[in-house]
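Working notes, structure below.
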Amino acid sequence: MSALPRIDTYPPPAAPAAPKAVSPIHVGQGVTPLPLPMPAATAPSLWQRFWQGRGATALLGALSIASVLLFWQLATHYKLDAYIRFNNIPTPAQVMEKVIEVNSSPKFVTNIGISVRRILLGFLVATALGVGLGVVIGRYRWARALAMPALEVFRPIPAIAWVPMSIMLWPDNEVSIVFITFLGAFFPILLNTVHGVQAIDPVLLRAARTLGAGEASLLRHVVLPGALPHIFTGLAVGMGVAWVSLIAAEMISGQFGIGYFTWEAYSLISYAEIALGMITIGVLGLLCSGGIRLLAKLAMPWQAHSTGAP
Amino acid sequence: MKLTQLSHIPSALVKCLALCAAFLAPQAQAAKEVVTIGIGTQNTTTNTVTGGVVLKELKLLEKHLPKTGKYANIEWKLDWQNFTSGPPITNGMVAGKLQIGMMGDYPLLVNGATGQQNKGNETQLVAVIAYNAFGSGNGVVVHKDSPYYELADLKGKVVSVPFGSAAHGMMLQAMQERGWPADYWNLVSQSPEVGTTNLQEKKIDGHGDFVPFADLLPHRGFARKIFDGAQTKIPTFHGVVVRKEFADKYPEVVVAYIKALMEANDWVRKDPKLAATKVQEWTKIEKEVVYLFLGPGGIHTLDPSIKPRWVETIKIAHGVLSKLGRVKEFDAAAWVNESYLREAFKQRGQDYEAQKQTLANYDITGNDPICKVAVTRPKEAGEIWLATGEIVPVSSPSCLLAGVKQYEAAGKKVNVAYLYDKALGIKVVADKAFYALDTSNPKAPVGVPFLLKKDAEAYAAKSNGRLATFAEALGQASATVTASAK
Numbered sequence: 526m527s528a529l530p531r532i533d534t535y536p537p538p539a540a541p542a543a544p545k546a547v548s549p550i551h552v553g554q555g556v557t558p559l560p561l562p563m564p565a566a567t568a569p570s571l572w573q574r575f576w577q578g579r580g581a582t583a584l585l586g587a588l589s590i591a592s593v594l595l596f597w598q599l600a601t602h603y604k605l606d607a608y609i610r611f612n613n614i615p616t617p618a619q620v621m622e623k624v625i626e627v628n629s630s631p632k633f634v635t636n637i638g639i640s641v642r643r644i645l646l647g648f649l650v651a652t653a654l655g656v657g658l659g660v661v662i663g664r665y666r667w668a669r670a671l672a673m674p675a676l677e678v679f680r681p682i683p684a685i686a687w688v689p690m691s692i693m694l695w696p697d698n699e700v701s702i703v704f705i706t707f708l709g710a711f712f713p714i715l716l717n718t719v720h721g722v723q724a725i726d727p728v729l730l731r732a733a734r735t736l737g738a739g740e741a742s743l744l745r746h747v748v749l750p751g752a753l754p755h756i757f758t759g760l761a762v763g764m765g766v767a768w769v770s771l772i773a774a775e776m777i778s779g780q781f782g783i784g785y786f787t788w789e790a791y792s793l794i795s796y797a798e799i800a801l802g803m804i805t806i807g808v809l810g811l812l813c814s815g816g817i818r819l820l821a822k823l824a825m826p827w828q829a830h831s832t833g834a835p
Numbered sequence: 006m007k008l009t010q011l012s013h014i015p016s017a018l019v020k021c022l023a024l025c026a027a028f029l030a031p032q033a034q035a036a037k038e039v040v041t042i043g044i045g046t047q048n049t050t051t052n053t054v055t056g057g058v059v060l061k062e063l064k065l066l067e068k069h070l071p072k073t074g075k076y077a078n079i080e081w082k083l084d085w086q087n088f089t090s091g092p093p094i095t096n097g098m099v100a101g102k103l104q105i106g107m108m109g110d111y112p113l114l115v116n117g118a119t120g121q122q123n124k125g126n127e128t129q130l131v132a133v134i135a136y137n138a139f140g141s142g143n144g145v146v147v148h149k150d151s152p153y154y155e156l157a158d159l160k161g162k163v164v165s166v167p168f169g170s171a172a173h174g175m176m177l178q179a180m181q182e183r184g185w186p187a188d189y190w191n192l193v194s195q196s197p198e199v200g201t202t203n204l205q206e207k208k209i210d211g212h213g214d215f216v217p218f219a220d221l222l223p224h225r226g227f228a229r230k231i232f233d234g235a236q237t238k239i240p241t242f243h244g245v246v247v248r249k250e251f252a253d254k255y256p257e258v259v260v261a262y263i264k265a266l267m268e269a270n271d272w273v274r275k276d277p278k279l280a281a282t283k284v285q286e287w288t289k290i291e292k293e294v295v296y297l298f299l300g301p302g303g304i305h306t307l308d309p310s311i312k313p314r315w316v317e318t319i320k321i322a323h324g325v326l327s328k329l330g331r332v333k334e335f336d337a338a339a340w341v342n343e344s345y346l347r348e349a350f351k352q353r354g355q356d357y358e359a360q361k362q363t364l365a366n367y368d369i370t371g372n373d374p375i376c377k378v379a380v381t382r383p384k385e386a387g388e389i390w391l392a393t394g395e396i397v398p399v400s401s402p403s404c405l406l407a408g409v410k411q412y413e414a415a416g417k418k419v420n421v422a423y424l425y426d427k428a429l430g431i432k433v434v435a436d437k438a439f440y441a442l443d444t445s446n447p448k449a450p451v452g453v454p455f456l457l458k459k460d461a462e463a464y465a466a467k468s469n470g471r472l473a474t475f476a477e478a479l480g481q482a483s484a485t486v487t488a489s490a491k
């Protein structure tokens, strides 16, 4: 009976009676009561069901994008000039024209493919190194004292500043480009991993030790899974920063890639193409972050996703 | 004014008063209107310095800006912004942040066309800074160890050039002229900074670039120029564009700018050695390269007039870029505005129409101390810049070789030596040139300098001579120390 009071607080106000009707069954079976309302108890209103479902998320998402587009359209159409100036910003229609124009040849898609490959390569290397190094640094004090000062010096250096050094460091320019995207992704992944490892409840570590876990199985079964939520945060941030550094990286290439496409459009002063390049990078970044969130769900099935206030 | 009257008061008090005055000034003087003039310069693009960094450092624009009459109540604020290429300047002009900008011919065209397509952002070409009537200044360089000696050697190779630049235009021009398809080579876009590093690291086979890189990179010792813009015979120039709205509102400012530009040109011509040294100090481009461009008989001629040929060049550029779908329609006549130039010439008491007709540059003059004759044929002359700072004019390549030999024997280090390419007519650095060496008269061997190996070979074949490098030519010159110029 001790668990019963908890139940009262839980169900939605629409169905106050339902849990009470159910609870005796649980108690009678001696099972820890699951604080779930019976789905059949009272059907929530259509609006509520919609509000909590995927439909609403999709609708809000569409609204978010649409309002940006609408603002863009209105601001460029009426040539908004209130300190921030839209006089010379290309209109959505002009960019749409470009979309059709560039898709008449396979070159644009090739550009995208090449950029995605560069980002993924850089990102994979950054994940391997960032997580590996992050666990070591987070777990062992000597490693932290030894590695962090040097890494902290490199961390604030902007991607574009790396361009000349990157060209000279690597024998192949493709590697130079991947190196710059790697730098973008590496630091967020590393720091989040370190943070995740340090944030693990010491009670868990002690418990595992008491159960006879060695260092290796401690890392495998406690530290890594415990740090995983933070690691995935690092991956999501790292993926974003990798895309941010893309233009700097692809300045080196001089051909191919969506960052290069945007850069070249600047040198020929074609604003619509610049906007198209920017939007493409944004969309690709969004897709990649979505991919990482999906991966996170698969990798951490135990994690209940808190959706926040409705 | 106030300060001079108070000058007998101890300086601390004066300072205090000046400070107070500065704080009170806005209220006291019926609010002077501050007009900011954004000027987009290209300090590292050596042939634009007299429109940019020289004006800034010598404060020439401040000297000419109108301060009386309708401008009595206006305070000019100069906002100098430096860029390494033209497109960012065009961007700044479209955004209304720059009122005056300077760039090479192809970027100028993009600037004019972009302005005409964005109503209210029209620009006008109001003056030229420097030109080469045959297109020299742009060029293609390769790594010095590479086996390429002409453009055709780069077939199927990776060649980079800053897209949208005058050098890009030159390469497109060269390709269209030769009927080469777009995939003749792998032409990629790299900014001068990126291209330079890539060439140094041998990651690209060739790099096309504008002033001064095609000559700067060989000077820095890791590159060789294998194609010069002069081979296209299409002029190249850098010009000044002004936002039309600004020029219409403050025409006197544009005239003042042109007068300052002309004064800067005079300053360079008056003492090119000093100018080159100063420009090196301000822009970090080596003085030897600055002198190669802007010194006497240099690759570029400082001349503000807008000659009909330059406008033709822009139209050719428009044709080249139109073919690639890179630029839309463009009205050159509406873009060129000579009225400010005419006014500036008038105010300086000079004849604009006469200046427009001439292609004359100032030349190497003086007495050749090696061969002991006066320098009379500037296109066969040369100069030796000694490490001590002295620049010695010489009358011929033979005299130059003999002179270098003499100075080296006397333990005097030669900084750099210049000669003229017999085929292209441009000033070249002597130790980077190829020579057609005619040793038929062993007493007086004749070395004829060329920038390009193929030109030297052709001349050698024609004149029964042989191809030689500077070192070989210098070796032959040893016996000719006292030979007379002929």
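Quick note, the sequences are listed as chains A and B, same order.
In short: position in the first sequence from 1, add 525, done, that's my numbering.
In short: position in the second sequence from 1, add 5, done, that's my numbering.
Using N, Cα and C, we set each Cβ at its ideal position, and we do this for glycine too.
Source: prediction; values computed, not measured.
Can you give me the start and stop residues for the alpha helix (DSSP H) that residue 446 of chain B sits inside?
-> For the purposes of this step, residue 446 of chain B is taken as the residue at position 441 of the second sequence. Element bounds for residue 446 of chain B: n/a, residue is neither H nor E.
Return the CA-CA distance between residue 480 of chain B and residue 468 of chain B, expressed in angstroms with no decimal places.
-> The count along the second sequence starts at 1 and reaches residue 480 of chain B at position 475. The count along the second sequence starts at 1 and reaches residue 468 of chain B at position 463. Cα to Cα, residue 480 of chain B sits roughly 20 angstroms from residue 468 of chain B.
How many whole angstroms separate the CB atoms of residue 110 of chain B and residue 304 of chain B, which I take to be in contact at a CB cut-off of 8 angstroms?
-> Looking up residue 110 of chain B in the second sequence gives position 105. Looking up residue 304 of chain B in the second sequence gives position 299. 15 angstroms between Cβ atoms; not a contact.
With 9 angstroms set as the bound, which would you pick, yes or no: does the beta-carbon of residue 167 of chain B sit closer than that to a beta-carbon of chain A?
-> One-based indexing of the second sequence puts residue 167 of chain B at position 162. Yes, contact with chain A.
Segment contact, 8 angstroms Cβ cut-off, at least three pairs: the segment 175–182 of chain B with the segment 119–135 of chain B = no
Could you check which residue in A/752, A/787, A/811, A/823 has the C-alpha nearest to that of residue 590 of chain A?
-> Looking up residue 590 of chain A in the first sequence gives position 65. Ranking the options by Cα distance to residue 590 of chain A, first place goes to A/811.
Would you mind working out which of A/773, A/823, A/621 sits nearest residue 640 of chain A, comparing C-alpha positions?
-> Walking along the first sequence from the start, residue 640 of chain A turns up at place 115. Measuring from the Cα of residue 640 of chain A, the nearest candidate turns out to be A/773.
State the Cα-Cα distance for the pair residue 316 of chain B and residue 299 of chain B, rounded to the nearest angstrom.
-> Here residue 316 of chain B refers to the residue found at position 311 of the second sequence. Here residue 299 of chain B refers to the residue found at position 294 of the second sequence. Roughly 22 angstroms separates the two Cα atoms.
6 angstroms CB neighbourhood of residue 83 of chain B in its chain, flanking five on each side removed | In the second sequence, the residue the question calls residue 83 of chain B occupies position 78. Once the five neighbours on either side are set aside, the close Cβ partners of residue 83 of chain B are 42.
Touch test, the segment 266–282 of chain B against the segment 306–316 of chain B, Cβ-Cβ under 8 angstroms, three pairs minimum | yes
Are the CB atoms of residue 679 of chain A and residue 712 of chain A nearer to each other than 9 angstroms?
-> Here the question's residue 679 of chain A lines up with position 154 in the first sequence. Here the question's residue 712 of chain A lines up with position 187 in the first sequence. In contact: residue 679 of chain A and residue 712 of chain A (Cβ atoms closer than 9 angstroms).
Should residue 388 of chain B be labelled buried (16 or more other beta-carbon atoms within 10 Å of its own) or exposed?
-> Residue 388 of chain B sits at position 383 when you count from the first residue of the second sequence. Residue 388 of chain B comes out buried.
When you compare only the Cα positions, how much space is there between residue 800 of chain A and residue 403 of chain B?
-> Translated into the one-based positions of the first sequence, residue 800 of chain A becomes position 275. Translated into the one-based positions of the second sequence, residue 403 of chain B becomes position 398. Their backbone Cα atoms lie some 59 angstroms apart in a straight line.
Have a look at residue 71 of chain B and residue 261 of chain B and give me their C-alpha separation to the nearest angstrom.
-> As a working note, residue 71 of chain B is residue 66 in the second sequence. As a working note, residue 261 of chain B is residue 256 in the second sequence. Computed Cα separation, rounded: 7 angstroms.
Distance, residue 197 of chain B Cα to residue 375 of chain B Cα | Reading the second sequence from its first residue, position 370 is the one you call residue 375 of chain B. Reading the second sequence from its first residue, position 192 is the one you call residue 197 of chain B. Going by the C-alpha atoms only, they are around 39 angstroms apart.
Could you confirm whether any beta carbon from chain B is found closer than 9 angstroms to the beta carbon of residue 726 of chain A?
-> For the purposes of this step, residue 726 of chain A is taken as residue 201 along the first sequence, with counting starting at 1. Judged by the 9 angstroms Cβ criterion, residue 726 of chain A is not in contact with chain B.
By a C-beta neighbour count over all protein chains shown, 10 Å radius and 16 as the cutoff for buried, is residue 107 of chain B buried or exposed?
-> As a position in the second sequence, residue 107 of chain B is number 102, starting the count at 1. Buried, because 16 or more other Cβ atoms sit within 10 Å of the Cβ of residue 107 of chain B.
Under 9 angstroms between C-beta atoms of residue 284 of chain B and residue 54 of chain B | Sequence index remark: in the second sequence, residue 284 of chain B carries index 279 (1-based). Sequence index remark: in the second sequence, residue 54 of chain B carries index 49 (1-based). Taking 9 angstroms as the Cβ cut-off, residue 284 of chain B and residue 54 of chain B qualify as a contacting pair.
Going along chain B in order, which residues have a C-beta closer than 7 angstroms to the C-beta of residue 792 of chain A?
-> Here residue 792 of chain A refers to the residue found at position 267 when the first sequence is read from its first residue. Correct list: 92, 167, 168, 169, 194.
Can you name, in chain order, every residue of its own chain whose Cβ lies under 8 angstroms from the Cβ of residue 430 of chain B, other than the five neighbours on each side?
-> In the second sequence, residue 430 of chain B corresponds to position 425, counting from 1. Excluding sequence neighbours, residue 430 of chain B sits near 139, 235, 384.
Can you say whether residue 141 of chain B is buried or exposed, counting buried as having 16 or more other CB atoms within 10 angstroms of its CB?
-> To locate residue 141 of chain B, count along the second sequence from 1; it is residue 136. Its Cβ being crowded by 16 or more others within 10 Å, residue 141 of chain B is buried.
Inter-residue Cα distance where the pair is residue 226 of chain B and residue 440 of chain B | The count along the second sequence starts at 1 and reaches residue 226 of chain B at position 221. The count along the second sequence starts at 1 and reaches residue 440 of chain B at position 435. C-alpha separation (whole angstroms): 19 angstroms.
Return no unless some Cβ of chain A is closer than 9 angstroms to the Cβ of residue 79 of chain B.
-> Taking the second sequence and counting its residues from 1, one reaches residue 79 of chain B at position 74. Output row for residue 79 of chain B: interface = no.
From the DSSP output, in three-state form, read off residue 552 of chain A for me.
-> Translated into positions along the first sequence, residue 552 of chain A becomes position 27. Interpretation of residue 552 of chain A is limited by its pLDDT of 45, a score under 50 that renders its predicted location unreliable; the figure taken from the coordinates is listed afterwards. Helix, per DSSP.
Does the beta-carbon distance from residue 341 of chain B to residue 130 of chain B come in below 9 angstroms?
-> Residue mapping note: residue 341 of chain B aligns to position 336 of the second sequence, counting from 1. Residue mapping note: residue 130 of chain B aligns to position 125 of the second sequence, counting from 1. Yes, they are a contact pair.
Same chain only: Cβ atoms within 6 angstroms of residue 503 of chain B, ignoring 5 sequence neighbours per side | Given that chain B is displayed from residue 6 to residue 491, the structure contains no residue 503 of chain B and the question cannot be resolved.
Cutoff 9 angstroms: residue 375 of chain B Cβ touching any chain A Cβ | Taking the first residue of the second sequence as position 1, residue 375 of chain B is located at position 370. Not closer than 9 angstroms to any Cβ of chain A, the Cβ of residue 375 of chain B fails to qualify, so no.
Listing by chain order, which chain A residues have their CB less than 7 angstroms from the CB of residue 123 of chain B?
-> As a working mapping, residue 123 of chain B is identified with position 118 in the second sequence. The contacting residues are 613.
Cβ pair count under 8 angstroms reaching 3, the segment 734–749 of chain A against the segment 788–799 of chain A = no
Classification of residue 493 of chain B by the beta-carbon crowding that lies within 10 angstroms, buried from 16 upward = Since the first residue shown for chain B is 6 and the last is 491, residue 493 of chain B is missing from the structure and cannot be characterised.
Could you please give me the residues that DSSP links to residue 628 of chain A through a beta bridge?
-> Position 103 of the first sequence, counting from 1, holds the residue named residue 628 of chain A. DSSP, once it has assigned bridges, lists no residue as partnering residue 628 of chain A.
Tell me, please, which residues DSSP counts as bridged to residue 86 of chain B.
-> As a position in the second sequence, residue 86 of chain B is number 81, starting the count at 1. Paired residue(s): B/45.
Would you list the one or two residues that DSSP bridges to residue 229 of chain B?
-> Your numbering for residue 229 of chain B matches position 224 in the second sequence. DSSP, once it has assigned bridges, lists B/147 as partnering residue 229 of chain B.
The alpha helix (DSSP H) with residue 755 of chain A in it runs from where to where?
-> Within the first sequence, the letter at position 230 stands for residue 755 of chain A. Where residue 755 of chain A is concerned, the enclosing alpha helix (DSSP H) stretches over 749–769.
Using a C-beta cutoff of 9 angstroms, does residue 642 of chain A count as contacting chain B?
-> Sequence index remark: in the first sequence, residue 642 of chain A carries index 117 (1-based). So no, residue 642 of chain A is outside the interface.
If you run the structure through DSSP and keep just helix, strand and coil, what is residue 603 of chain A?
-> Residue 603 of chain A sits at position 78 when you count from the first residue of the first sequence. Correct three-state label for residue 603 of chain A: coil.
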